[in-house]
Structures are given as structure tokens and as C-alpha cells.
Ligand code: HEM
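In the UniProt record's numbering, the protein residues as written are 1 to 484.
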């Protein structure tokens, strides 16, 4: 018996090694030799995956192949090839990768973030109109209001002379904005709860999901491990994701009860009106899309603002210059509004440079090829996972002069939009990019106009990053804030 098991394992290892290292065609992109079972996952374990993949591109080129567990993957960091795939040949790369973790959070690939094409087109249409610049202009006051709240919190820290740890408060800021945008509501608090602890509980839930869906872990890429963890999460640890589902479902139920179809209040009302609530599947859509937007729109913007605060503490001269611009255009004691955006070119460049050097979503969200296809000189077989390395594109010295130097002036007269694509490109790019830009601008500008930010001990704050679905600081940090 034992001998048979050992023989079977040996055969599995042998055939898996052959499978992972045989060529699909003579036009395969180059790549390293891959191990059986884990493929090249081990190569991504020592540094954050986007950086490890960037290093591999220095050996194998701007398009190369690897195996992530059971998934044949092509990684691209060439601006032309990225557009060839995600824009020109979009029809062949519409879907996200099917993994057990995404199956779990996407209701069998029927949602917005990870939905298959047939579901995605309808879901995307339902929300797209809500994220246009015109619609967002009418929402500016909500973002500005939330920034006042953030500034007040920071003032309280300053009054008490306590170092300020931005993590929870940037999350509260972005979550309250997205909640109001979709649900025109903040979280309802019950007896014994405060708004803060409700928000932070929900934020932890979102962190948990990001970790589960995002990281380059065995359970994401090795099917057998993914299946076991899926079964455990779905049927045994049923409280996983329960808080998020319950919060969103409660809000949806309340909206259905009180909807006035002549006067929709918010995005959720508009989604409810576009769904047939008598259909078993469509009835789930408002909650599913609401949760998608809450997931995609909280952590991303929050960690961009958190990193901005860290980078300002580490770059006092840039901080001072951005403050002087704000002081000249808006003046101390006033509030920065979205209408000031065009008048603060230096600050705009600082925000862009911060998001270049700390790319928030460095590998975007993976797609797959839904048919065999040639891209440039390379063959991509059906089912291949495609990763665009947005980070590599933004930090490669082929495209940038001294990419490791924090230098906002590079964005002063140039958007570098061919190589700076923090929100991805093409029809399935980030639907919330306008909202994200607005909320990041308002938070960063008002923070700088109100406070000087320094590190607690006078040394540079450690900028080491980790990646789950987004990049964020490896170590929690605090800063000192002094009123301007
Ligand atoms: C700094 C902030 C943000 C960054 C860097 C970011 C980046 C991205 C990226 C790279 C993608 C993948 C695009 C692709 O596959 O080509 C994406 C998708 C998405 N983002 Fe964002 N995002 C941010 C904020 C937001 C916000 C605030 C929202 C919503 C309110 C949002 C909603 C979404 C959704 C729904 C998707 C999936 C789109 C689809 O599959 O059609 N994001 N985002």
C-alpha cells in the first residue's frame, strides 16, 4: 500500500514537472524552469510578488511565462503589449482567473469584480453611469464633509500630543464616502456600539477577505488546497464574510422597503430599479454589487492616503513646497475643495509620484485568455492567467529617469499616461478611478494645509510594503502632527 502511494506521488511529480516545462508552441514567451506542484510560487515568497516579478522580468523580458501552482501565467510589463491585450484584444481577455477564493467571494463568478463576461457586462453597465465625472461633481460636498471629519480627528490627536496612526482613520474616511455614495448612509450603530467600532469591525472583515482573495498563497493557486479551504470557509467557518454580508443585506432590505422609484436616492436604488426582484438570482444583485464596491473602494483609496502621509513625513522639502502652494492658492484656515484641483499642479504631481512609487494595486486584477491567441510574436493558450505588472511599468528605468528617487517634478508637465496606469486600461479598468482620485486629492490636500507631518523619532519611517490585493505598509506606523 505504502509503496503504491509513493509510486503514485513519484509519478505525479514526474508528469507535473513535464507538464509545467513542456512548450505549448515555438512562440511561447521565455521563462524559468518550474517545479512540480508549486510551480514558481517559491520565487515570489522572499519579496512582495510585484517586486519579485519585476526582478524576473529583468532576466526573462517584459513578457515572460511562469506557473503559479496549477496556473500557467504570463506576466507583462511592456506598455504596448499591455494595450494590445487589455484594450485592442479585450474580447479575448474578458474574464478574471477562476480560483476557489474568488469563487467564494463572487457568488460563483457572477458579481462585478470577478464576474464572468455574461454577468459582468450587465453589472458594469448598472454602475458605470454613477461614476462619471458629472455625477461625482454633485457628490463633492460629501467628500469634502468627510475630510473635515478626518481633519478634526487629527486635531484631537494633536491637542492631546499623541502620535497619529493613520491606518484606521484613512479607512474610516474612504469607507464612509463609499457607503454614502452607494447607500446614501453611514453605518447604523446599535446600542453599545460606536460608529468607529462598527467601521473598524467591517474594515477588519474587508482586510480578511483581501488577504484570502489576494495573496499569492497556495490556496489561491493550487486547486486541491483551494478546494479544501473553500469547503471549510463555506460550510464550516460560516462566520467568515458574515459581517460584511449582513451589513450590506440589512442596508439593501431597508432600501427595498423605502424606495421611491420616481426619485432614486443613490446607486443602490438605481441598481434595485434595474433588477427583477422576483428573479431568484437578480434579487441578489444589489447586495452583491454593493459589497463589491465596498470591497474594491475602501482599502485601495485608504492605503493610498496612508502611504501619502508616510511619504510626506519622509520627504519634508516636498511637503513644505506642496504646503506653500496650497497656502498661496487656498490659504491657511480654509478648506480645500475639489474645485481647487486645477490650481494646485505641484500637489497633483506629488500625489501621482506617491502612487507611482507605491503602486496601490501593483498587479491589477488578473484576467484569463478565453481562446488561443497570438499577441505580438507570442502565443498565449486558452486559460492562461495574464498579470499586468503595473508596478514594474511605473518603476522600470527603461521608462523613467532614476525611478527610485521620489521626484514629483517628473509629473509637472507630463502625465506619462502610457506607462503610469494605476487603474489599469481598457473596458474592464477600475470603475471607481474618478471617485478614488477625488477622495485622495481632498484628503491629502486638507491634511497638508492643516498640518506639518514628521516622523516620531526624527528618522525615516520604514517604507517596506506587503501585498494582499493592495499594497500597504508592512509595519503599522505613527506620525507627529503639528498645526500649520
Ligand atoms: C487608489 C485607488 C484605486 C486603485 C489604484 C484601483 C485600481 C484598480 C485596478 C488596477 C483594477 C483592475 C483593472 C483591470 O482589471 O484592468 C481595479 C478594478 C476595480 N476597481 Fe479599483 N482602484 C481604486 C479605487 C477604487 C474605488 C474607490 C472603487 C469603487 C468605488 C473601485 C472599484 C473597482 C471595481 C468595481 C473594479 C472591478 C472592475 C471590473 O471588473 O469591471 N476601485 N481597480
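Think of the CB as a built atom: it goes at the ideal place given N, C-alpha and C, for glycine as much as any other residue. Given the structure is predicted, the values throughout are model-derived calculations rather than measurements.
Taking residue 408 as reference, the option from 400, 349, 448 with the minimal CA-CA separation is 349.
Counting the other CB atoms within 10 Å of its CB gives residue 163 a total below 16, which places it among the exposed residues. Taken in chain order, the complete alpha helix (DSSP H) segments of 4 residues or longer contained in the stretch 251–332 are 267–274, 285–314, 316–329. Judged by beta-carbon spacing, residue 393 lies beyond the 8 Å limit of residue 48, meaning their Cβ atoms are not closer than that value. Per DSSP, residue 455 is one residue of the beta strand (DSSP E) stretching across 451–455. Of the residues assessed, residue 246 falls on the exposed side of the cut-off, its CB having fewer than 16 other CB atoms within 10 angstroms. Sorting 173, 323, 121, 435 by C-alpha distance to the C-alpha of residue 140 places 435 at the top.
Residue pairing for residue 68: DSSP places it in a beta bridge opposite 39, 71. Residue pairing by DSSP places residue 378 opposite 375 in a beta bridge.
Within the same chain, 336, 344, 347, 445, 448, 449 come within 7 Å of residue 326 by CB-CB distance, once the 5 residues on both sides are set aside.
Apart from the 5 residues on each side of it in sequence, residue 154 sits with its Cβ closer than 8 Å to the Cβ of 164, 169, 447, 450, 451, 481 in its chain, given in chain order.
Note on geometry: alpha-carbon atoms of residue 440 and residue 319 lie some 16 Å from one another. Per DSSP, residue 29 lies in no beta strand (DSSP E) and is assigned neither H nor E.
A direct Cα-to-Cα measurement between residue 305 and residue 377 gives close to 40 Å. In the same chain as residue 150, and ignoring 5 residues on each side of it, the C-beta atoms closer than 7 Å to its own belong to 169, 173, 443, in chain order. DSSP, reduced to helix, strand and coil, places residue 1 outside both helices and strands of the structure shown, so it counts as coil. Taking residue 466 as the centre and dropping the five residues before and after it, the same chain places the C-beta of 48, 472, 474 closer than 7 Å to its C-beta, in chain order. As computed with DSSP, residue 187 is found in no beta bridge at all.
As the crow flies, the alpha-carbon of residue 387 is around 14 Å from that of residue 40. Rounded to whole angstroms, the separation of the alpha carbons of residue 135 and residue 129 is 8 Å. Residue 365 has its Cβ nearer than 7 Å to a heavy atom of ligand 1.
According to the DSSP assignment, residue 386 belongs to the beta strand (DSSP E) that extends over 385–388. Measuring C-alpha to C-alpha distances from residue 358 to each of 276, 428, 431, 404 identifies 404 as the nearest.
For residue 422, the Cβ falls inside the 7 Å cut-off from some heavy atom of ligand 1. Boundaries of the beta strand (DSSP E) around residue 473: 471–473. Taken through DSSP and simplified to helix, strand or coil, residue 141 comes out as helix. Between residue 97 and residue 71, the CB-CB gap stays under 8 Å. Between residue 202 and residue 244, the beta carbon gap of about 7 Å places them in contact (Cβ cut-off 8 Å).
DSSP lists no beta-bridge partner residue for residue 195. Between the alpha carbons of residue 241 and residue 289 lies a distance of about 15 Å.
The secondary-structure analysis by DSSP pairs residue 466 across a beta bridge with 472. Around the Cβ of residue 5, a 10 Å sphere holds fewer than 16 other Cβ atoms; the residue is exposed. Checking the DSSP bridge columns, you'll see residue 479 partnered with 164, 455.
Leaving aside the five residues that flank residue 419 on each side, the residues in its chain whose CB is nearer than 7 Å to its CB run, in chain order, 79, 393, 394, 399.
Residue 23 and residue 108 have their C-alpha atoms roughly 31 Å apart. Three or more beta-carbon pairs separated by less than 8 Å link the stretch 178–188 to the stretch 256–274, which places the two stretches in contact.
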